[in-house]
């Protein structure tokens, strides 16, 4: 049900996710795909040039990332990275591919030896999407969890 009474609308209905990672000639495509799938398990990936690319317009595609940010207790740092990376209605950040391969999330500010997983989020209300993934916290607890 949408928050029509709060005039927020159905924020999750216009979410777009794009994930991409270059597959270097020295790498096995399966390992790169496994790293992405451990963070975004429902994403369908295809090889575009030398990169694996997946796109989704479903907020459910972010469920595992949402869960991992809580399990690893890195909501504050995730929020900071996402807010710094936003431009207009887009947030673009990079994840460490080697860490993703073991099912964990680690943000990287630059290139890693194997290259990053590049995540692009787009939503009319990008701050609300960031609030959903990594809400503000007080003493380690979310001030307010947003649901879809």
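In our numbering, the protein residues as written are 1 to 148.
From the three backbone atoms N, C-alpha and C, an ideal C-beta is built for every residue, glycine too.
From a predicted model like this one, the values you see are computed outputs, not experimental measurements.
| Asked | Found |
| --- | --- |
| Beta-carbon separation (whole angstroms), residue 24 vs residue 115, contact threshold 8 Å | 7 Å |
| Start-end ranges of the beta strand (DSSP E) lying completely within the stretch 45 to 74, minimum 3 residues | 45 to 48, 51 to 56 |
| Close Cβ partners of residue 126 (< 7 Å) along its chain, the five nearest in sequence each way excluded | 86, 89, 90, 91 |
| Through-space distance from residue 103 to residue 95, alpha-carbon basis | 12 Å |
| Identified DSSP bridge partners for residue 157 | There is simply no residue 157 to check, as the chain begins at 1 and stops at 148 in what is shown. |
| Straight-line gap, residue 39 to residue 64 (C-alpha atoms, nearest Å) | 6 Å |
| Strand pairing of residue 18, partner residues [DSSP] | 55, 120 |
| Span separating the alpha-carbon of residue 58 from that of residue 122 | 11 Å |
| Cβ contact (3+ pairs, closer than 8 Å) linking the stretch 14 to 29 and the stretch 41 to 56 | yes |
| Residue closest to residue 97, alpha-carbon to alpha-carbon, out of 84, 82, 113 | 113 |
| Residues near residue 100 by beta carbon distance below 8 Å, same chain, minus five either side | 35, 36, 38, 39, 106, 117 |
| Where residue 78 falls, given that 16 or more other Cβ within 10 Å makes a residue buried | buried |
| Where the alpha helix (DSSP H) through residue 33 begins and ends | 29 to 39 |
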